Amino acid sequence: MLRRGTITFWNDGKGFGFITPNAGGKQLFFHIKSCSPHNLRPEINQSITYSLSVDKQGRPCAVKVILPDNDCALEIKKKERGLSVIGAVCFLGVVCFSVFTAKIPILVLALYLGASLVTFIVYALDKSAARKGAWRTSENTLHLLSLIGGWPGALMAQQKLRHKSRKQPFRFIFWITVLVNCGAFTWLFTSTGTATLQSFVHDNSDLLHTISKALTH
1 MLRRGTITFW
11 NDGKGFGFIT
21 PNAGGKQLFF
31 HIKSCSPHNL
41 RPEINQSITY
51 SLSVDKQGRP
61 CAVKVILPDN
71 DCALEIKKKE
81 RGLSVIGAVC
91 FLGVVCFSVF
101 TAKIPILVLA
111 LYLGASLVTF
121 IVYALDKSAA
131 RKGAWRTSEN
141 TLHLLSLIGG
151 WPGALMAQQK
161 LRHKSRKQPF
171 RFIFWITVLV
181 NCGAFTWLFT
191 STGTATLQSF
201 VHDNSDLLHT
211 ISKALTH
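Residue numbering for the sequence shown follows the UniProt record's numbering, starting at 1 and increasing by one per position.
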């Protein structure tokens, strides 16, 4: 018999949550594997239908959870994901153009590309760990990677892997790191920023040359 309820807790990383029955009573555990359609993800405050069952320990749980198939909302989310990826690519395009026009050294582009690649990989590993119940990467580490220039990779990972794409306050702090990093990038085009960057490159020219040779061989 199908029953109605509302999703009142959802852990997207681990793929489980709790449903509060409309008829009242204790919250019921459910897993992502019990949900359909399979292309949708559960969200807090969603009204759903489900069947009542028991788990291996004899505890009541929800199975055959039917999520609302809102095609319009799904299309909006797809567009939002697309815009996020386009935004990250456009920013990297601005960095490339700045290097091409000799506004900033190629070191800056290498930093953004390298940090973004590492950040994307870390997000992928963290999502895999969440599914397996293994050791997780701390959110502070993810924010630090975004802050130093890996936010384009983080943005792509959030949307492509659907990891950390809804969780609050993680998203709020993430966007703060993006704004701070973009502010620092803009500062490089000021007279003070340009002088500071040129001084850094000059003082560390030997080290940068060694790194460049190592990367090209």
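All residues carry an ideal CB built from backbone N, CA and C; glycine is no exception.
As the structure is a computational prediction, the values presented were derived from the model and not from experiment.
Residue C182 holds the alpha-carbon nearest to the alpha-carbon of V108 among C182, R162, K132, F172. Judged by DSSP secondary structure, K64 falls within the beta strand (DSSP E) whose first and last residues are 60-66.
P169 and V122 have their C-alpha atoms spaced approximately 19 Å apart.
The count of Cβ pairs closer than 8 Å, one atom from the segment 12-23 and one from the segment 126-145, reaches three, so the stretches are in contact. According to the DSSP secondary-structure assignment, F9 is paired through a beta bridge with F18. Under the three-state reduction of DSSP, F97 is assigned to helix.
Inclusion of T6 and S47 in the CB contact set at 7 Å is warranted, their separation being smaller than that value. Taking the Cα of N11 as reference, the smallest distance to any Cα among F29, S84, G24 is reached at F29. Going by DSSP, S128 is part of the alpha helix (DSSP H) stretching over 106-132. Across the structure, I66 and S116 are spaced so that their CA atoms are roughly 37 Å apart. A residue is called buried once 16 or more other Cβ atoms fall within 10 Å of its Cβ, and T177 is buried on that count. Here I48 carries a strand assignment [DSSP, helix/strand/coil]. When DSSP states are grouped into helix, strand and coil, S138 belongs to the coil group. Rounded to the nearest whole angstrom, the C-alpha separation of R162 and I32 is 14 Å.
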